[in-house]
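Visitor:
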Amino acid sequence: ITAFGPFGGTQSVDFDALSAAGLFLLHGPTGAGKTSVLDAVCFALYGSVPGARQSAQGAILRSDHAAAGTRTQVTLDVTVAGRRLEITRLPPWERPKKRGTGTTVDKAQTWLREYDATAGAWKDLSRSHQEIGEEITQLLGMSREQFCQVVLLPQGEFARFLRADAEARGKLLG
Numbered sequence: 015i016t017a018f019g020p021f022g023g024t025q026s027v028d029f030d031a032l033s034a035a036g037l038f039l040l041h042g043p044t045g046a047g048k049t050s051v052l053d054a055v056c057f058a059l060y061g062s063v064p065g066a067r068q069s070a071q072g073a074i075l076r077s078d079h080a081a082a083g084t085r086t087q088v089t090l091d092v093t094v095a096g097r098r099l100e101i102t103r104l105p106p107w108e109r110p111k112k113r114g115t116g117t118t119v120d121k122a123q124t125w126l127r128e129y130d131a132t133a134g135a136w137k138d139l140s141r142s143h144q145e146i147g148e149e150i151t152q153l154l155g156m157s158r159e160q161f162c163q164v165v166l167l168p169q170g171e172f173a174r175f176l177r178a179d180a181e182a183r184g185k186l187l188g
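With the working numbering applied, the sequence shown corresponds to residues 15 to 188, in that order.
1) If you run the structure through DSSP and keep just helix, strand and coil, what is S140?
2) Using the C-alpha atoms, what's the distance from W125 back to T132?
3) Quick check on A58: does DSSP put it in helix, strand or coil?
4) Are the segment 43 to 59 and the segment 151 to 163 in contact at 8 Å, needing three or more beta carbon pairs?
5) State the Cα-Cα distance for the pair T117 and G19, rounded to the nearest angstrom.
6) Indicate whether P110 and K121 have their beta-carbon atoms separated by less than 8 Å.
7) Measuring alpha carbon to alpha carbon, tell me which of H79, L99 and L153 ends up nearest A135.
8) Considering only the alpha carbon of each residue, which of R127, R76, D78 and S77 lies closest to I101?
9) Under the rule that 16 or more other beta-carbon atoms within 10 Å means buried, what is P64, buried or exposed?
10) Would A17 be called buried (16 or more neighbouring beta carbons within 10 Å of its own) or exposed?
11) Taking the beta strand (DSSP E) that D91 belongs to, which residues open and close that run?
12) Let me know the secondary structure DSSP gives A31 once reduced to three states.
13) From T89, A178 and S142, pick the residue whose C-alpha is nearest to that of V51; which is it?
14) In chain order, what residues of the same chain lie with their CB nearer than 8 Å to the CB of L154, ignoring the 5 residues before and after it?
15) For E128, write down the residues that DSSP places opposite it in a beta bridge.
16) Tell me, to the nearest whole angstrom, how far the beta carbon of G42 is from that of H79; I am working on the premise that it is less than 8 Å.
17) Taking Cβ to Cβ, would you say L37 is nearer than 8 Å to K48?
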């Protein structure tokens, strides 16, 4: 996670090490970045974040603490259905011009790579936002909306989920 949410620099979270005991807890004071870590996972997988934070992606995701020349980037290394994948996403970025004054906007970028254990190297699969989104949705068996409701359940939405009738919950989990 680089220049994302409250993280001005680069941070790394090893979920494999955290989950070695089978369960882990993200805890800390308000503003410490707990929600931002989960937002980063969702952004890497689907290219957007849950809830009200999903509008104006580039501006909202970028850290106020990042250096002007540091691009916002999230990379997620994940194993799904026996496949080791690396997803890297960079939201649109308004950056300082290389020559002269002012700013320019770089487009969003996305990469999907798969680790080939036989070759011992990463193989590029796609750079298309749409193809990567479809691949992730198919592999996880969940749309972004389902992932956010079932896996991330945004803060304040838990009570709404509990109050929903069986049909509404079924549609969500279906």
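Here a beta-carbon is modelled for each residue, glycine too, at the ideal position from N, C-alpha and C.
Guide: This is what the structure holds:
1) Residue 140 sits at position 126 when you count from the first residue of the sequence shown. Three-state DSSP puts S140 in a strand.
2) By 1-based counting over the sequence shown, the position of residue 132 is 118. By 1-based counting over the sequence shown, the position of residue 125 is 111. Using only the alpha carbons, I get a separation of about 21 Å.
3) Within the sequence shown, the letter at position 44 stands for residue 58. DSSP places A58 in helix when its eight states are reduced to three.
4) yes
5) Mapped onto the sequence shown, residue 117 falls at position 103. Mapped onto the sequence shown, residue 19 falls at position 5. Their backbone Cα atoms lie some 21 Å apart in a straight line.
6) For the purposes of this step, residue 110 is taken as the residue at position 96 of the sequence shown. For the purposes of this step, residue 121 is taken as the residue at position 107 of the sequence shown. Result no, Cβ atoms of P110 and K121 do not sit closer than 8 Å.
7) Residue numbering aside, residue 135 sits at position 121 when the sequence shown is read from its first letter. Looking at the Cα atoms, L99 is the closest of the given residues.
8) The residue given as residue 101 occupies position 87 in the sequence shown. Comparing alpha carbon positions, the residue from R127, R76, D78 and S77 closest to I101 is R127.
9) Here residue 64 corresponds to residue number 50 of the sequence shown, with the count starting at 1. Of the other Cβ atoms in all chains shown, 16 or more fall within 10 Å of the Cβ of P64; this residue is therefore buried.
10) Numbered from 1 along the sequence shown, position 3 holds the residue referred to as residue 17. Buried is the call here.
11) If you number the sequence shown from 1, residue 91 lands on position 77. Start and end: V88 to V94.
12) Counting from one through the sequence shown, the residue named residue 31 turns up at place 17. A31 falls in the helix class under three-state DSSP.
13) Locating residue 51 in the sequence shown gives position 37, where the first residue counts as 1. Nearest C-alpha to V51: T89.
14) Working through the sequence shown from its first residue, we reach residue 154 at position 140. These residues qualify, in order along the chain: L59, V94 and F161.
15) The residue given as residue 128 occupies position 114 in the sequence shown. For E128, which the question treats as bridged, DSSP gives the partners L99 and K137.
16) For the purposes of this step, residue 42 is taken as residue 28 along the sequence shown, with counting starting at 1. For the purposes of this step, residue 79 is taken as residue 65 along the sequence shown, with counting starting at 1. So it is not a contact: roughly 16 Å between Cβ atoms.
17) If you number the sequence shown from 1, residue 37 lands on position 23. If you number the sequence shown from 1, residue 48 lands on position 34. No, these two residues do not count as a Cβ contact at 8 Å.
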